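Engineer: Quick note: the sequence shown uses our numbering, first residue 20, plus one each step.
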Amino acid sequence: MDNRTCVEFLVVPFSTTTNKFVIVTVFSSIYSIGVLVNLLIFVVICFDIRLHSPMYVFLCNLSFIDICYTTVIIPKLLHIVHSGMKSLSFKQCFTQMYFHFTTVTAEVTLFFAMGYDRYIAICHPLYYHQILSKKICILIVVVIWVCAFLNSLFIISPLLSLPFQEAITVHHLFCHAVDVVNAFHGGSAKFTIVIYVEFVLFGVGPLSCNFLSYIKIICVILCIKSKEGKKKTFSTCLSHLIVLMIYYSTGCLVYLIPMSEHTVTLSQTLSVFYNIVVPMINPLVYSLRNSEIKRACRRFLKIKTNHTEE
20 MDNRTCVEFL
30 VVPFSTTTNK
40 FVIVTVFSSI
50 YSIGVLVNLL
60 IFVVICFDIR
70 LHSPMYVFLC
80 NLSFIDICYT
90 TVIIPKLLHI
100 VHSGMKSLSF
110 KQCFTQMYFH
120 FTTVTAEVTL
130 FFAMGYDRYI
140 AICHPLYYHQ
150 ILSKKICILI
160 VVVIWVCAFL
170 NSLFIISPLL
180 SLPFQEAITV
190 HHLFCHAVDV
200 VNAFHGGSAK
210 FTIVIYVEFV
220 LFGVGPLSCN
230 FLSYIKIICV
240 ILCIKSKEGK
250 KKTFSTCLSH
260 LIVLMIYYST
270 GCLVYLIPMS
280 EHTVTLSQTL
290 SVFYNIVVPM
300 INPLVYSLRN
310 SEIKRACRRF
320 LKIKTNHTEE
């Protein structure tokens, strides 16, 4: 560990020809808007008793996860681009890596829980409150976070045994595990096994279950007589599926595509979608399309405005 404290990780997120001002402006705007919108949703759901049902508890957690998700990456990214100080210590790199994997695991498992919630609500509405009571909902949220923290340890543990001795260049938006492993010739067999296990447990498994849930939901939707109700529900499900496809496809490519000089730009582009774009559009797709949340946000903002005027 004494040698590791001297190890530097040089994070190179973009090419030297990229305009710093444009990057800082765009990413700081995305981050600020995303955090403010997610924070608004989080606060509104927490303080509005009418929104204390399982679906909204999951949406509240999604907003919190997305705030953490982007906060793990973007502030440090902006600092690197603006200051030009690309060096991260061993502790900084692995701390960022750990919390990144934590938020990713939490997001994936929450998507699965939300898909199951919608399946029960639409396909078995009479048993909804029996199957997903408040206690069960809270238990699911606790399990999601415990699983996220433990799974993150499981992922990075093989990396701790690597012989870190010199500066390692990471061509990514943050201290990315795959880039760290690729710095060693032959990589890490243990880490490769872990990634494939993760791919099955948190990729193929949850995505397959989500697809099956939405297929059954669509079958139920087709039986709805009201054209307006059918169109609205189908539109919601389709938007959810599109977000899931973008998230899972870009995530799988980022971790499974073989890294080389020719794939650096592709990997960075995919990482932007996976780590920044999806957390940005989540509140638009999952929360702000919901009429109850929109009304609650209006009430909350109106109360705050009235208090300010007084």
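All residues carry an ideal CB built from backbone N, CA and C; glycine is no exception. Bear in mind the structure is a predicted one, so any value in this text is a computation, not a measurement.
Starting from E27 and walking both ways along the beta strand (DSSP E), at which residues does that stretch end?
Structural biologist: First-last of the beta strand (DSSP E) with E27: 27-30.
Engineer: By DSSP, does S152 sit in helix, in strand, or in coil?
Structural biologist: Three-state result, S152: coil.
Engineer: Use the C-beta contact count for V273: other C-beta atoms within 10 angstroms, 16 or more gives buried, fewer gives exposed.
Structural biologist: V273 should be labelled buried.
Engineer: If you draw a straight line from the alpha carbon of I93 to that of S47, how long is it in whole angstroms?
Structural biologist: Approximately 8 Å, taken between the alpha carbons.
Engineer: Run the CB neighbour count on R69, radius 10 Å, all protein chains shown included, and call it buried at 16 or more, exposed below.
Structural biologist: Result: exposed.
Engineer: Rounded to the nearest angstrom, what separates L178 and T121 at their Cα positions?
Structural biologist: If you take the alpha carbons of L178 and T121, they lie about 16 Å apart.
Engineer: When we look at the beta-carbon of H259 and count the other beta-carbons within 10 Å, is it buried (16 or more) or exposed?
Structural biologist: Buried, since its Cβ has 16 or more Cβ neighbours within 10 Å.
Engineer: Looking only at its chain, what residues have a beta carbon closer than 6 Å to the beta carbon of Y88, apart from the 5 residues adjacent to it on each side?
Structural biologist: Closer than 6 Å at Cβ, skipping near neighbours: T122, P298.
Engineer: Roughly how many whole angstroms lie between the Cα atoms of G224 and H195?
Structural biologist: The straight-line gap from Cα to Cα measures roughly 24 Å.
Engineer: Quick one: Cα of N301 to Cα of Y293, how far?
Structural biologist: Going by the C-alpha atoms only, they are around 12 Å apart.
Engineer: Helix, strand or coil, according to DSSP, for H281 in the structure here?
Structural biologist: With a pLDDT of 48 at H281, under the threshold of 50, the modelled position of that residue is not reliable, and the figure given next carries that caveat. Note: H281 maps to coil in three-state DSSP.
Engineer: Would you report the Cα separation of E311 and I295, rounded to the nearest angstrom?
Structural biologist: One C-alpha to the other measures close to 26 Å.
Engineer: Tell me, which residues are paired with L107 by DSSP?
Structural biologist: According to DSSP, L107 bridges with F28.
Engineer: With 16 other CB atoms within 10 Å as the buried threshold, where does A186 fall?
Structural biologist: By the 10 Å Cβ count, A186 comes out exposed.
Engineer: Provide the residue span of the beta strand (DSSP E) that contains V189, from first to last.
Structural biologist: That run of the beta strand (DSSP E) goes 187-189.
Engineer: Can you name the start and end residues of the alpha helix (DSSP H) that F83 belongs to?
Structural biologist: Per DSSP, F83 belongs to the alpha helix (DSSP H) from 73-102.
Engineer: Please check the pair S306 and L58, which I expect to be a contact at CB under 8 Å, by giving their CB distance rounded to whole angstroms.
Structural biologist: Not really, about 12 Å apart at Cβ, beyond 8 Å.
Engineer: Skipping 5 residues on each side, what residues in its chain have a beta carbon closer than 7 Å to that of C160?
Structural biologist: The displayed chain sequence assigns Val, not Cys, to residue 160. For V160, where only same-chain residues beyond five positions count, the Cβ hits under 7 Å are V76, N80.
Engineer: Can you list, in chain order, the residues of its chain whose CB lies under 7 Å from that of M116, leaving out five sequence neighbours each side?
Structural biologist: I175, C194, A196.
Engineer: How many Å lie between C256 and K235 at the Cα?
Structural biologist: Approximately 11 Å between the Cα atoms of the pair.
Engineer: Let me know the secondary structure DSSP gives R137 once reduced to three states.
Structural biologist: Here R137 sits in helix by DSSP.
Engineer: Which residues mark the beginning and the end of the alpha helix (DSSP H) in which S176 is found?
Structural biologist: No alpha helix (DSSP H) holds S176; DSSP gives it neither H nor E.
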